[in-house]
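Trainee: Numbering (this note's numbering), first residue to last: 111 to 658.
My questions will all concern the structure given below.
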């Protein structure tokens, strides 16, 4: 049964069904309950931050640009883009907020959607390179039992939108069926708009794919001038539409920082494609440096098994491939080089050894730091690797291909089985969130409109339970009582403005003139109680486990 006998939407639906079933096998159905949010408040800190970022945006008054909220970075406005709260969904659900339950979380449902779209889009890709539905169904396994997809799902949920990368591949592989160039330009621009309203890193990845696609078409044209016009025809509408939408969501608002610290730490390793970290029962974990878990791009045991026959086929056909697909091969090499260089960062490591570090001018370093967790740029290389070895091994081992493919995919199921058990155990438990600020609910806070942190809490000093209580706990408390908070965690922010306002508040407290509508929060570790009472007079103090 070939793709001619099965409609594309049926094939897509089968892949989506498979992806959805795997999601439910892993995470169950409890987290699909939109009113159950304790699992989000007790999970990874980042997950809690993304969820509470949505709650802040939901409870804020409307502003323009439409992605801004006024209650997470008081007295400044800040964009929902920088809480990684999946801005497009946050906007949609904010619009419908009046008819939604008071507690409403969409991350569970979005996780299910990610798995379904991952399976559905992968199935459409495989239809282009495999002879039948059975082959395609089996070959879906490496795309759904996929290390970076699982790693990101409820850690950085927006980054589990791996289906967006596969959609970029879809535009490559269905180029001949899309029709006019205008339609292809519109589809690429639409994909860019979608990605920039979900996560900036995936937008960066898709942008490189767009550059490769435009180069491919430009090289196909006769004459350099025509090629340049074709390249510009793709690039300009894409940039205009995505930058406009980014502006509309408040991405350029205020004095936010451009890059962030961590470039060269959160990178890929030269072994990343073959390093399962903790996602294999078959292959041991290889050493890494620092934060290189960000570069997890393990191709899976099935793809590794198919590598040798695929490589043999490519070597045999190299002349024919170059003659027939020269433009695409040049484009592919350029894209792959960009992805590898970006992912490895200026600090290139193999295993736990740094091989060399490239000194960069400040303007290049700052631009690169827009994607400080650069290791993620290896994901499209991983997906391309899987597709390539599936396609070329098919022609090399011919009659045995389906057997080898099935055996490899069965091994991959076994490979991930320990991770399956761990995830099932974690999500089978009913969670209940508690914070140090919870006892404050029993007090009367009428007239208090603002919660002001008298420190900047960021990660140089602590991370984990303390920051959860400090930031998530107090922000939850503030939301329950209709208060703003002064410096919620935004990935790009104006910390100079925050520190200036903290200094202004400190001066007001020292002069005995605190604002009547503001609750000031100190870390106990930062202040001595007697010193505090001596410095700040005419102030009422309340002590919690960690704070004053």
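Note that beta-carbon positions come from the ideal geometry of N, C-alpha and C, so glycine has one too.
These numbers come from a predicted model, not from an experiment.
For the beta strand (DSSP E) containing residue 467, name the first residue and the last one.
Mentor: Locating residue 467 in the chain shown gives position 357, counting from the first residue. 463 to 467 is the extent of the beta strand (DSSP E) around residue 467.
Trainee: Please work out which residues of its chain come closer than 6 Å, Cβ to Cβ, to residue 116, disregarding the five sequence neighbours upstream and downstream, and give them in chain order.
Mentor: On the chain shown, residue 116 is found 6 positions in, with the first residue counted as 1. For residue 116, where only same-chain residues beyond five positions count, the Cβ hits under 6 Å are 243.
Trainee: What are the boundary residues of the alpha helix (DSSP H) that residue 527 is part of?
Mentor: Along the chain shown, one-based indexing puts residue 527 at 417. 527 to 538 is the span of the alpha helix (DSSP H), which, as asked, contains residue 527.
Trainee: Helix, strand or coil for residue 230? Go by DSSP, reduced to three states.
Mentor: As a first step, residue 230 is located in the chain shown; it is residue number 120 there, counting from the start. Residue 230 falls in the helix class under three-state DSSP.
Trainee: Using 8 Å as the threshold, is the C-beta distance between residue 561 and residue 629 below it?
Mentor: Taking the first residue of the chain shown as 1, we reach residue 561 at position 451. Taking the first residue of the chain shown as 1, we reach residue 629 at position 519. Contact: yes.
Trainee: Answer yes if the stretch 592 to 608 comes into contact with the stretch 178 to 186, meaning at least three C-beta pairs across the two stretches below 8 Å, and no otherwise.
Mentor: These segments touch.
Trainee: What span of residues does the alpha helix (DSSP H) with residue 417 cover, start to end?
Mentor: Numbered from its first residue, the chain shown carries residue 417 at position 307. Unbroken alpha helix (DSSP H) run through residue 417: 411 to 426.
Trainee: Give the range of the alpha helix (DSSP H) segment to which residue 477 is assigned.
Mentor: As a first step, residue 477 must be located in the chain shown, where it is residue number 367. Per DSSP, residue 477 belongs to the alpha helix (DSSP H) from 472 to 478.
Trainee: Would you say residue 314 and residue 511 are within 8 Å of each other, going by their C-beta atoms?
Mentor: The residue labelled residue 314 in the question sits at position 204 within the chain shown. The residue labelled residue 511 in the question sits at position 401 within the chain shown. The answer is no: Cβ separation not under 8 Å.
Trainee: Return helix, strand or coil for residue 152, following the three-state DSSP convention.
Mentor: On the chain shown, residue 152 is found 42 positions in, with the first residue counted as 1. Residue 152: coil per DSSP, three-state reduction.
Trainee: At a threshold of 7 Å, does residue 392 count as lining the ligand SAM (C-beta to nearest heavy atom)?
Mentor: Looking at this structure, you won't find the ligand SAM or any other ligand, since it has none at all.
Trainee: For the alpha helix (DSSP H) that residue 171 lies in, which residues bound it at each end?
Mentor: Here residue 171 corresponds to residue number 61 of the chain shown, with the count starting at 1. Looking at the DSSP string, residue 171 is not in any alpha helix (DSSP H), and its letter there is neither H nor E.
Trainee: May I ask you to report which of helix, strand or coil DSSP gives residue 595?
Mentor: By one-based count along the chain shown, residue 595 stands at place 485. Note: residue 595 maps to strand in three-state DSSP.
Trainee: Spatial neighbours of residue 398 within its chain, please: CB distance less than 6 Å, with the 5 preceding and 5 following residues excluded, ordered by chain position.
Mentor: One-based indexing of the chain shown puts residue 398 at position 288. Hits under 6 Å: 379.
Trainee: Between the stretch 421 to 441 and the stretch 536 to 554, do at least 3 Cβ pairs fall closer than 8 Å?
Mentor: Result no; under three Cβ-Cβ pairs closer than 8 Å.
Trainee: What is the DSSP secondary structure of residue 304, reduced to helix, strand or coil?
Mentor: One-based indexing of the chain shown puts residue 304 at position 194. DSSP places residue 304 in helix when its eight states are reduced to three.
Trainee: Going by Cα to Cα distance, which pick from 119, 371, 165 and 479 is closest to residue 212?
Mentor: Working through the chain shown from its first residue, we reach residue 212 at position 102. Looking at the Cα atoms, 165 is the closest of the given residues.
Trainee: When the Cα atoms are used, what is the spatial distance from residue 191 to residue 161?
Mentor: The count along the chain shown starts at 1 and reaches residue 191 at position 81. The count along the chain shown starts at 1 and reaches residue 161 at position 51. The alpha-carbon atoms of residue 191 and residue 161 are separated by roughly 13 Å.
Trainee: Let me know if residue 126 comes out buried or exposed under the rule of 16 or more other beta-carbons within 10 Å of its beta-carbon.
Mentor: Here residue 126 refers to the residue found at position 16 of the chain shown. Buried, by the Cβ-count rule.
Trainee: Rounded to a whole number of angstroms, what is the C-alpha to C-alpha distance between residue 241 and residue 208?
Mentor: As a first step, residue 241 must be located in the chain shown, where it is residue number 131. As a first step, residue 208 must be located in the chain shown, where it is residue number 98. If I take the Cα positions, the gap works out to 50 Å.
Trainee: What do you get for residue 532, buried or exposed, if any count of 16 or more other CB atoms within 10 angstroms of its CB means buried?
Mentor: Taking the first residue of the chain shown as 1, we reach residue 532 at position 422. Classification of residue 532: exposed, given that the 10 Å Cβ count is below 16.
Trainee: Helix, strand or coil for residue 75 per DSSP?
Mentor: This structure cannot speak to residue 75, because the chain is shown only from 111 to 658.
Trainee: Using only CA atoms, which one of 505, 456, 558 and 476 lies nearest to residue 420?
Mentor: In the chain shown, counting from the first residue as 1, residue 420 sits at position 310. With distances taken between Cα atoms, residue 420 lies closest to 505.
Trainee: For residue 441, name the three-state secondary structure that DSSP assigns.
Mentor: Walking along the chain shown from the start, residue 441 turns up at place 331. Residue 441 falls in the helix class under three-state DSSP.
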